Amino acid sequence: VQNQLLQLQKELRSIETKKNVQKLISKASEKFYGLI
Numbered sequence: 022v023q024n025q026l027l028q029l030q031k032e033l034r035s036i037e038t039k040k041n042v043q044k045l046i047s048k049a050s051e052k053f054y055g056l057i
């Protein structure tokens, strides 16, 4: 059970990280398109 919990936490963190990265990318691309 402990192992499964750790695995779930890792997966949740990676999902959160992906979401944050996507947000950063979309913000950056908005600024980039604003410059064009």
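Okay, so the sequence shown: first residue is 22 according to our numbering, each after it adds one.
All C-beta atoms in this analysis are idealised placements derived from N, C-alpha and C, irrespective of residue type, glycine included.
Note that the structure is predicted; figures quoted are calculated from it, not measured.
Roughly how many angstroms lie between the CA atoms of residue i and residue j, to the nearest whole one?
i, j, result
"Leu27", "Lys48", "32 Å"
"Lys52", "Gln43", "14 Å"
"Gln59", "Lys31", "Nothing about residue 59 can be read from this structure; the chain reaches only from 22 to 57."
Which class does residue i belong to by DSSP, given the choice of helix, strand or coil?
i, result
"Val22", "coil"
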